[in-house]
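The working numbering runs 123 ahead of the 1-based position in the sequence shown.
All C-beta atoms in this analysis are idealised placements derived from N, C-alpha and C, irrespective of residue type, glycine included.
Keep in mind the model is a prediction, meaning the values are calculated, not measured.
These notes concern the structure reproduced below.
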Amino acid sequence: KIALKEHKKSVRSSADEIDVSDDVIFLENANFKLMQEAGRKKVRENPETFSVIVTNGSIFGIGGEQCPVNVEHYVKTGSEMLGGRYGGKNNEFSGGGPLKEKSRDAYEKIKKMIG
């Protein structure tokens with residue numbers, strides 16, 4: 124149990140170091156827990172915002188409780204570009220696929236969609 128608590132603390136402190144001021148970010152080789160924690164931190168601080176984080180082969184998106192943006196649409200689009208699928212519920216979605224080399228393209232496409 125102690126090791127698990129330490130791991131969670133480590134992920135949180137690493138997530139604190141990620142700049143999530145942009146709505147869509149690309150992280151090179153990030154682990155999924157780190158992506159989740161960084162996105163969740165952003166919407167906790169401002170429930171009117173959202174975050175979509177793309178890494179090699181994976182996408183995580185979350186919208187705050189008062190966010191009008193359809194985050195699911197962005198995660199779906201990115202996941203399809205990666206040759207995979209997505210899922211989620213409420214305001215939190217994740218996806219990915221085997222075409223990791225398309226991750227940067229998926230990131231660019233989502234950024235363009237947002238404007």
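Name the DSSP bridge partner or partners of residue i?
| i | result |
| --- | --- |
| THR178 | SER181 |
| VAL147 | VAL175 |
Does the beta-carbon distance from residue i to residue j come in below 8 Å?
| i | j | result |
| --- | --- | --- |
| GLY218 | GLY206 | no |
| ASN169 | GLU188 | no |
| ALA229 | ILE176 | no |
| ILE185 | GLY162 | yes |
| LYS64 | GLY180 | Nothing can be reported for residue 64: it is not among the residues displayed for the chain, which extend from 124 to 238. |
| PHE216 | VAL192 | no |
Counting C-beta neighbours from all protein chains within 10 Å, is the total for residue i 16 or more, i.e. buried, or is it exposed?
| i | result |
| --- | --- |
| ILE141 | buried |
| LYS199 | buried |
| SER144 | exposed |
| SER226 | buried |
| GLU195 | buried |
| SER202 | buried |
| ILE148 | buried |
| LYS165 | buried |
| CYS151 | With the sequence shown as reference, residue 151 is identified as Glu, and Cys is not the correct amino acid for it. The residue in question, GLU151, is exposed, as its Cβ has fewer than 16 Cβ neighbours within 10 Å. |
| GLU160 | buried |
Exercise. Just list the beta strand (DSSP E) runs in the region 168-238, keeping only unbroken ones of 3 residues or longer that don't cross its boundaries, in chain order.
Key: Entirely contained in the region 168-238, the beta strand (DSSP E) runs reaching 3 residues are, in chain order, 173-178, 181-186, 208-212 and 215-219.
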